[in-house]
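Q: Per the numbering used here, numbering of the sequence shown is gapless, rising by one per residue and ending at 370. We put the CB at the ideal spot given by N, CA and C, even for glycine. These numbers come from a predicted model, not from an experiment.
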Amino acid sequence: MPSQEFVPLNGEVLRVVNGAPALVKFYSGDKSKPLVVCIPGAANLARIFYGVHAGSREDDFLSFWLHQHHNFSVLALSYPGETIDGPMRPPAPEYTIQDWGKQTATIAADYIADHGLAKEVVVAFWSMGGKVVEPFSASSTSLGIKVKLAVSLAATPGIFGLRPHPPGIKISSSGYAYRDDTSRSFGQQVRTQNQLNGDREIISPDSLEKLYYTKTPINLTGWGLRYSRDTDGQQRFVDDDMADIRDAQVHNWGALPLIGVIQPTSTQDLMHAVGDKASWGLVLTFKLLSDFQKATSQPGYTEKGTSSKERFESFRDLVDAIPGRLARRVEGTHYFFVGKKGARETADQIADLLQASEKIQAEIDNLLC
Numbered sequence: 002m003p004s005q006e007f008v009p010l011n012g013e014v015l016r017v018v019n020g021a022p023a024l025v026k027f028y029s030g031d032k033s034k035p036l037v038v039c040i041p042g043a044a045n046l047a048r049i050f051y052g053v054h055a056g057s058r059e060d061d062f063l064s065f066w067l068h069q070h071h072n073f074s075v076l077a078l079s080y081p082g083e084t085i086d087g088p089m090r091p092p093a094p095e096y097t098i099q100d101w102g103k104q105t106a107t108i109a110a111d112y113i114a115d116h117g118l119a120k121e122v123v124v125a126f127w128s129m130g131g132k133v134v135e136p137f138s139a140s141s142t143s144l145g146i147k148v149k150l151a152v153s154l155a156a157t158p159g160i161f162g163l164r165p166h167p168p169g170i171k172i173s174s175s176g177y178a179y180r181d182d183t184s185r186s187f188g189q190q191v192r193t194q195n196q197l198n199g200d201r202e203i204i205s206p207d208s209l210e211k212l213y214y215t216k217t218p219i220n221l222t223g224w225g226l227r228y229s230r231d232t233d234g235q236q237r238f239v240d241d242d243m244a245d246i247r248d249a250q251v252h253n254w255g256a257l258p259l260i261g262v263i264q265p266t267s268t269q270d271l272m273h274a275v276g277d278k279a280s281w282g283l284v285l286t287f288k289l290l291s292d293f294q295k296a297t298s299q300p301g302y303t304e305k306g307t308s309s310k311e312r313f314e315s316f317r318d319l320v321d322a323i324p325g326r327l328a329r330r331v332e333g334t335h336y337f338f339v340g341k342k343g344a345r346e347t348a349d350q351i352a353d354l355l356q357a358s359e360k361i362q363a364e365i366d367n368l369l370c
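(1) Report the rounded CA-to-CA distance for LYS216 versus PHE293, giving the unit in angstroms.
(2) In angstroms with no decimal places, state the Cα-to-Cα distance between GLY131 and VAL124.
(3) Going by the beta-carbon positions, is the gap between GLY30 and LEU197 smaller than 7 Å?
(4) Starting from PRO324, follow its DSSP beta bridges and name the residues at the other end.
(5) Go through the segment 22–104 residue by residue and report every complete run of the beta strand (DSSP E) that reaches 3 residues or more, in order.
(6) Based on Cα-Cα distance, which residue from ARG48, PHE187, TRP254 lies nearest to SER138?
(7) How far does the beta strand (DSSP E) with ASP240 in it extend, from its first residue to its last?
(8) What residue from PHE62, ASN19, ASN367 has the CA that sits closest to ASP349's CA?
(9) Using DSSP with H/G/I as helix, E/B as strand and the rest coil, what is GLU375?
(10) In whole angstroms, what separates the C-alpha of SER4 from that of ILE323?
(11) Jot down the residue ranges of each uninterrupted beta strand (DSSP E) in the segment 235–320, minimum 3 residues, whole runs only, in chain order.
(12) Between the beta-carbon of VAL18 and the beta-carbon of GLN104, is there less than 7 Å?
(13) By the 10 Å Cβ neighbour count, where 16 or more other Cβ atoms means buried, how is LEU150 classified, buried or exposed?
(14) Are the CB atoms of ILE160 and VAL53 within a distance shorter than 7 Å?
(15) Closest to HIS273 by CA distance: which of LEU290, ASN220, ARG329 is it?
(16) Can the beta-carbon of PRO158 be found less than 7 Å from the beta-carbon of GLN99?
(17) With a threshold of 8 Å, are at least 3 pairs of Cβ atoms found where one atom belongs to the segment 165–176 and the other to the segment 233–244?
(18) Which whole runs of the beta strand (DSSP E) in the segment 108–135 are 3 residues long or more, in chain order?
(19) Give every residue of the same chain whose Cβ lies closer than 6 Å to the Cβ of LEU67, excluding the five residues on either side of it in the sequence, and list them in chain order.
(20) How is ILE204 classed by DSSP in three states: helix, strand or coil?
(21) Check whether the Cβ atoms of TRP127 and PRO265 lie closer than 7 Å to each other.
(22) According to DSSP, simplified to helix, strand and coil, what is SER141?
(23) Report the three-state DSSP secondary structure of VAL18 (helix, strand or coil).
(24) If you reduce the DSSP assignment to three classes, tell me which class GLN362 lands in.
(25) Roughly how many angstroms lie between the CA atoms of ARG326 and SER153, to the nearest whole one?
(26) Tell me whether the beta-carbon of GLU95 lies closer than 7 Å to the beta-carbon of TYR228.
(27) Taking only three categories from DSSP, how would you classify LEU163?
(28) Excluding the 5 residues flanking LEU290 on each side, which residues of the same chain have their C-beta closer than 8 Å to its C-beta?
(29) By the three-class DSSP mapping on this structure, what secondary structure does THR1 have?
(30) Which residues mark the beginning and the end of the alpha helix (DSSP H) in which ALA184 is found?
(31) Per DSSP, LYS216 forms a beta bridge with which residues?
(32) So ALA77 and TYR112 are in contact, right, with Cβ under 8 Å, and what is the actual spacing, rounded?
(33) Answer yes or no: do VAL122 and ILE85 have a C-beta to C-beta separation smaller than 7 Å?
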């Protein structure tokens, strides 16, 4: 049983927005730059982006390099969860991907307003966090915030079936999902990050277990399972593939921003090391196709002195090239951005992808506007 209530650490703030808790850490940077929003994956708090354990080094974490080296404001947000110390209050096991996107966008908009930041964001999402890109982008747009770029950090898009649910899923007393082998599977990959950083322990197994891992709302996972609570109070997970598809809304192509990809290199994270450029390339291609169809169907659309065939061929060639132009690699495992080496390289790649995306967007606008 949990020994105590969940407690924020080291400048974290536990907020309740739209009826659900969110653990927030903010760094204030150059007000003219986009706010970088960092979203974690399954079974991990956003602490993996900034570090909280005793003896931790700031430069082992992504937020430090984004803030100190590139002068971005950074907002790292954890979804509702339950750690070894207990659940965030109030518990929200019914929390959905749509809830996630709306809550994250609302909090980002609040920090932008409170700190006088430019109304632009770059969203960096890790692992399961890839499923929130459409809800976050659509919600941000509705709040007057422009999503300039989304960056996948070994993330999975909300395409059903890419990652079937693993065995051994259990339900906690608070209704969250967990697996007993989380420490083993993730811990091995963190140990590899140690080796890539001079065989120095970045986060101890004990600290990972106590301070970084979390039980997760099942509705966020994309495993085709949904949280259910019977009238007698019995909690369980039920099969519902279509709910996941409706929730992630990845097929709402027109709501998506440009998407950059940073892939790991290790066979310990084979699916992401091999497949991310292709999976996100598919999403990005259909986003660009949606943009093309919308622009060319407008009553005032003109050809700017070139034929429709020439415009189309130029756009087609650009779309063919964009997934490669927005793809990068950083040496490491699923946790490639943990440890000084990978954290710094990942921050550099995010900044580089932002510049590349601005150039690409100008090329798209030149063809379509």
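A: Inspection of the coordinates gives the following:
(1) 41 Å
(2) Spanning the alpha carbons of GLY131 and VAL124 requires a straight line of approximately 10 Å.
(3) no
(4) According to DSSP, which records beta bridges pairwise, PRO324 is partnered with nothing at all.
(5) 36–40, 75–79
(6) With respect to the C-alpha of SER138, the residue from ARG48, PHE187, TRP254 having the closest C-alpha is TRP254.
(7) 236–240
(8) PHE62
(9) Outside the shown range of the chain, which is 2 to 370, sits residue 375, and nothing can be said about it.
(10) Residue placement at SER4 is flagged as unreliable, the pLDDT there being 49, under the threshold of 50; the coordinate-derived value follows with that caveat. Taking the straight line from one Cα to the other gives about 50 Å.
(11) 236–240, 260–264
(12) yes
(13) buried
(14) Result no, Cβ atoms of VAL53 and ILE160 do not sit closer than 7 Å.
(15) ARG329
(16) no
(17) Output reads yes: the segment 233–244 touches the segment 165–176.
(18) For the segment 108–135, whole beta strand (DSSP E) runs of length 3 or above, ordered along the chain, are 121–127.
(19) A distance below 6 Å between beta-carbons, with the five flanking residues on each side excluded, links LEU67 to the following residues of its chain, in chain order: VAL37, PHE73, VAL75, ALA348.
(20) coil
(21) no
(22) helix
(23) strand
(24) helix
(25) 14 Å
(26) yes
(27) coil
(28) TRP254, VAL320
(29) Lying before the first or after the last residue shown, residue 1 is absent from the chain, which here runs from 2 to 370.
(30) Correcting the residue identity first, residue 184 is Ser in this sequence and not Ala. 183–197 is the extent of the alpha helix (DSSP H) around SER184.
(31) In the DSSP assignment, the residues bridged to LYS216 are GLU83.
(32) Incorrect: roughly 11 Å between the Cβ atoms, too far for contact.
(33) no
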